[in-house]
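J.: Note that my numbering has the sequence shown beginning at 9, numbered continuously upward. Each residue gets a CB set at the ideal place from its N, CA and C atoms; glycine is no exception.
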Amino acid sequence: MSELEDLYQDIIVDHFQNPRCFGCMKDKDAGAKLFNPLCGDQIDLCVKIEDDKIKKIVFSGKGCSISQAAASMMCELLEGKSISEAKELFELYQKMLKGEKQDDELNELGDLVALSGVRKFSARIKCAMLGWEAVQKALNDYLQGHYKTPDCQKCEKDCISKESNTHNCCHISYEK
Ligand SMILES: [Zn+2]
9 MSELEDLYQD
19 IIVDHFQNPR
29 CFGCMKDKDA
39 GAKLFNPLCG
49 DQIDLCVKIE
59 DDKIKKIVFS
69 GKGCSISQAA
79 ASMMCELLEG
89 KSISEAKELF
99 ELYQKMLKGE
109 KQDDELNELG
119 DLVALSGVRK
129 FSARIKCAML
139 GWEAVQKALN
149 DYLQGHYKTP
159 DCQKCEKDCI
169 SKESNTHNCC
179 HISYEK
């Protein structure tokens with residue numbers, strides 16, 4: 009592996025082992041739970057929106073290092089961004105995974121550039137996309153007024169099971 013690939017690998021492992029923005033939110037304005045049947049990854053996303061800005065975004069989930077590290081990097085990047093900025097970043101991220109952008113054109117993506125190598129492994133692209141697909145679903149549902157906050161009294165950080173890292177209090181199930 010090249011030095012750059014080593015560095016990228018370290019960033020991915022760090023986010024996987026120490027996920028940023030990990031948790032659950034009781035007073036969320038939007039959310040989505042997605043499941044990737046190809047790999048078994050789960051992402052449960054909660055978003056707090058104020059004045060068309062992502063005020064807070066957290067996730068919980070389990071699965072492969074790529075799916076979980078991608079969600080961690082993504083949440084870190086999107087906090088404080090507007091909904092339209094989030095959509096632009098998603099487009100740039102998709103171009104990265106299609107190999108349409110070089111690494112030096114991806115500075116806006118922050119740590120997510122470490123996942124640029126995923127483009128060589130088509131089976132893993134779905135893993136790298138799962139968190140972003142959850143954001144798109146959450147934001148689209150929010151904008152269309154479709155999102156209903158689940159009626160869950162325990163929906164706090166504490167409700168995440170330490171063993172499985174899954175969010176086990178809400179009854180809504182993961183969508184494929
Ligand atoms: Zn995966």
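Taking only the alpha-carbon atoms, compute the straight-line gap between GLY153 and LYS61 and give it to the nearest angstrom.
T.: As a working note, residue 153 is residue 145 in the sequence shown. As a working note, residue 61 is residue 53 in the sequence shown. GLY153 and LYS61 have their alpha carbons spaced roughly 16 Å apart.
J.: For the structure I just gave you, are there three or more beta carbon pairs, one from the region 26-39 and one from the region 11-18, closer than 8 Å?
T.: no
J.: May I have the straight-line CA-CA distance separating PRO27 from VAL66, to the nearest angstrom?
T.: Residue mapping note: residue 27 aligns to position 19 of the sequence shown, counting from 1. Residue mapping note: residue 66 aligns to position 58 of the sequence shown, counting from 1. Near 10 Å, if we compare the C-alpha coordinates of VAL66 and PRO27.
J.: Taking all protein chains shown into account, decide if ASN115 is buried (16 or more other Cβ within 10 angstroms of its Cβ) or exposed.
T.: If you number the sequence shown from 1, residue 115 lands on position 107. Exposed is the call here.
J.: Out of curiosity, what's the CA-to-CA distance linking LEU86 and GLU141?
T.: The residue you call residue 86 lines up with position 78 of the sequence shown. The residue you call residue 141 lines up with position 133 of the sequence shown. So the alpha carbons of these two residues sit roughly 13 Å apart.
J.: Mapping DSSP to helix, strand and coil, what is LEU120?
T.: Here residue 120 is taken as the residue at index 112 of the sequence shown, counted from 1. DSSP places LEU120 in the helix class (H, G or I) of the three-state scheme.
J.: Taking only beta-carbon atoms, is ALA77 less than 8 Å away from chain B?
T.: Of the protein chains in the structure, only one exists, and it is not chain B.
J.: List the endpoints of the continuous beta strand (DSSP E) containing ALA38.
T.: Against the sequence shown, residue 38 aligns to sequence position 30. Where ALA38 is concerned, the enclosing beta strand (DSSP E) stretches over 38-44.
J.: Measure the alpha-carbon distance for GLU11 versus LYS63 and round it to whole angstroms.
T.: Looking up residue 11 in the sequence shown gives position 3. Looking up residue 63 in the sequence shown gives position 55. GLU11 and LYS63: Cα-Cα distance of roughly 36 Å.
J.: Starting from the C-beta of ALA94, find all residues in its chain whose C-beta is less than 7 Å away, skip the five residues before and the five after it, and write them out in chain order.
T.: What you label residue 94 is simply residue 86 of the sequence shown in a count that begins at 1. Closer than 7 Å at Cβ, skipping near neighbours: ILE62, LEU86, VAL143, LEU147.
J.: From LYS156 to GLU84, what does the alpha carbon distance come to, in whole angstroms?
T.: In the sequence shown, the residue the question calls residue 156 occupies position 148. In the sequence shown, the residue the question calls residue 84 occupies position 76. For LYS156 and GLU84, the distance between alpha carbons rounds to 24 Å.
J.: By Cβ distance below 6 Å, which residues in the same chain neighbour ILE74 in space, the five residues on each side in sequence not counted?
T.: In the sequence shown, residue 74 corresponds to position 66, counting from 1. Setting aside the 5 residues that flank it on each side, ILE74 is surrounded in the same chain by ARG132, CYS135, ALA136, each with a C-beta closer than 6 Å to its C-beta; the list follows chain order.
J.: How far does the alpha helix (DSSP H) with PHE67 in it extend, from its first residue to its last?
T.: Residue mapping note: residue 67 aligns to position 59 of the sequence shown, counting from 1. Run containing PHE67: none in the alpha helix (DSSP H); it sits in the beta strand (DSSP E), 61-70.
J.: Going by alpha carbons, who is nearest to GLU58 out of SER90, PRO45, GLN76?
T.: In the sequence shown, counting from the first residue as 1, residue 58 sits at position 50. With respect to the C-alpha of GLU58, the residue from SER90, PRO45, GLN76 having the closest C-alpha is SER90.
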